[in-house]
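A.B. asks: Residue numbers (the UniProt record's numbering): 1 to 164.
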């Protein structure tokens, strides 16, 4: 029970809210791909603003042409997907502006993208923004989700990764 209590050198990675707003569980996301954790575990944020910030320090590894999502790899290897709204791929990039490119190294809290929140709300099935660990099985880390109900982008820790 206490074998890891005093273990030194546990590496922890904190994953911050990429957007300010109400934090909900993935189970509350009205899309089975996310609510059933098919892409991985995490949380979702109901955004209160149209800006996405880096949830971790790391590298941008994915930005689809439709700009509806952004993938990052943290220094510890954790891969984080921020999916802006639901069914937003069908918007074909309209309402999204990326500030970074694939291969860029970013700091936690750095602005990555802006989006027209009203446009998303009016043209997508939901503005809920899932934040998902896509490679949890491969990292061997333990991921703990926050109990916080409100998050501030770049400040509120929503997921903590630690060595098992």
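Using N, Cα and C, we set each Cβ at its ideal position, and we do this for glycine too.
Whether or not the region 26-40 and the region 62-74 are in contact is what I'm after, with contact meaning three or more pairs of Cβ atoms, one per stretch, closer than 8 Å; do they touch?
C.D. replies: With the cut-off at 8 Å, the region 62-74 and the region 26-40 do not touch.
A.B. asks: Between residue 165 and residue 11, what straight-line distance do the alpha-carbon atoms span, to the nearest angstrom?
C.D. replies: With the chain covering 1 to 164 only, the question about residue 165 has no answer from this structure.
A.B. asks: As a quick exercise: from 59, 105, 110 and 62, pick the residue whose alpha carbon is nearest that of residue 16.
C.D. replies: Out of 59, 105, 110 and 62, 110 has the C-alpha closest to the C-alpha of residue 16.
A.B. asks: Restricting to runs no shorter than 3 residues, where is the beta strand (DSSP E) found entirely within the region 38-87?
C.D. replies: Taking only runs of at least 3 residues, the beta strand (DSSP E) segments lying wholly in the region 38-87 are 41-47, 51-53, 58-62, 69-74 and 79-83.
A.B. asks: Would you call the CB atoms of residue 76 and residue 13 closer than 8 Å?
C.D. replies: Yes.
A.B. asks: Counting along the chain, where does the beta strand (DSSP E) carrying residue 118 start and finish?
C.D. replies: Per DSSP, residue 118 belongs to no beta strand (DSSP E); it is in the alpha helix (DSSP H), 117-123.
A.B. asks: Can you tell me which of 164, 61 and 36 puts its alpha carbon nearest to the alpha carbon of residue 112?
C.D. replies: Nearest of 164, 61 and 36 to residue 112, Cα basis: 61.
A.B. asks: When burial is assigned at 16 or more other CB atoms within 10 Å of the CB, is residue 140 buried or exposed?
C.D. replies: With fewer than 16 Cβ atoms within 10 Å of its Cβ, residue 140 is classed as exposed.
A.B. asks: How would you call residue 127, buried or exposed, if buried means at least 16 neighbouring beta carbons within 10 angstroms?
C.D. replies: Flag for residue 127 reads buried.
A.B. asks: Please state the DSSP three-state secondary structure of residue 14.
C.D. replies: If DSSP states are grouped into helix, strand and coil, residue 14 belongs with the strands.
A.B. asks: Mapping DSSP to helix, strand and coil, what is residue 90?
C.D. replies: If DSSP states are grouped into helix, strand and coil, residue 90 belongs with the helices.
A.B. asks: Would you grab the beta carbon distance between residue 72 and residue 85 for me? Rounded to a whole angstrom, and I think it's under 8 Å.
C.D. replies: With a Cβ gap of about 18 Å, residue 72 and residue 85 do not count as contacting.
A.B. asks: For residue 52, count neighbouring Cβ atoms within 10 angstroms of its own Cβ and tell me buried if that reaches 16, exposed if not.
C.D. replies: Burial call: buried.
A.B. asks: When the distance is taken between beta carbons, is residue 117 closer than 8 Å to residue 50?
C.D. replies: Yes; because the gap between Cβ atoms is below 8 Å, this pair is in contact.
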